[in-house]
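Only one structure is covered here, and it is reproduced in the block below.
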């Protein structure tokens, strides 16, 4: 029996410049709606540079309201835009922060997954980011990845 090939997902990255809150999330959601209108399946992912593990305990006046997904994840408010504009269903895998990435790498180190080696930004943190993004590969036609914050945040 021949195995069905999985979809090869195309990735679109949306970044900003020197100002935050410029509407990247709404632009990403609108782009997703346009792609869906052409018959493509889409999903989204938001990568935020702040060190908080998630926005659940952040001041809404500084960051905006928290959007809670069906799986209970406390995520960026852009997840709500993505769900309202498209047929995509958001979950915890669709929202990552630097804090969440670092936490995952630190827990792997604590459990011995790096075999006592020195844990560094390159390759360990960068590999964790790539793994987070590439988990979307094959599930949809297009994955729209929004890089939150500004160049100064990174």
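Residue numbers (the working numbering): 2 to 155.
Cβ coordinates follow ideal geometry from the N, Cα and C atoms, glycine included.
Only a predicted model underlies this, so the values are computations on that prediction, with no experimental measurement involved.
Could you check how far apart the C-beta atoms of residue 61 and residue 99 are, in whole angstroms? I think they sit under 8 angstroms. Not really, about 20 angstroms apart at Cβ, beyond 8 angstroms.
Going by DSSP, what residue range makes up the alpha helix (DSSP H) through residue 84? 79-86
Three-way DSSP call (helix, strand, coil) for residue 143 in this model: strand
Got a sec? Which residues, its chain only, sit under 6 angstroms from residue 71 by beta carbon, not counting five neighbours each side? none
Close beta carbons around residue 102, own chain, < 8 angstroms, minus the five adjacent residues each side: Answer for residue 102: 126, 129, 130, 133, listed in chain order.
For the beta strand (DSSP E) containing residue 115, name the first residue and the last one. Unbroken run through residue 115: none, as it is neither H nor E.
Drop a sphere of 10 angstroms on the beta-carbon of residue 30, count the other beta-carbons inside from all chains shown, and report buried for 16 or more, exposed for fewer. buried
Any idea what DSSP makes of residue 107, helix, strand or coil? helix
For residue 84, which residues in the same chain have their Cβ closer than 6 angstroms to its Cβ, ignoring the five residues on either side in sequence? 91
Give me the DSSP bridge partner(s) of residue 44. Answer is 144, bridged to residue 44.
Count Cβ pairs between the segment 146-155 and the segment 32-49 that sit closer than 8 angstroms; are there 3 or more? yes
Terminal residues of the alpha helix (DSSP H) in which residue 127 lies: 127-135
What number of angstroms, rounded off, separates the C-alpha of residue 8 from the C-alpha of residue 18? Roughly 32 angstroms separates the two Cα atoms.
Report the partner residues of residue 11 according to the DSSP bridge assignment. 143
Would you grab the beta carbon distance between residue 33 and residue 74 for me? Rounded to a whole angstrom, and I think it's under 8 angstroms. Actually they do not touch by this definition, with Cβ atoms about 19 angstroms apart.
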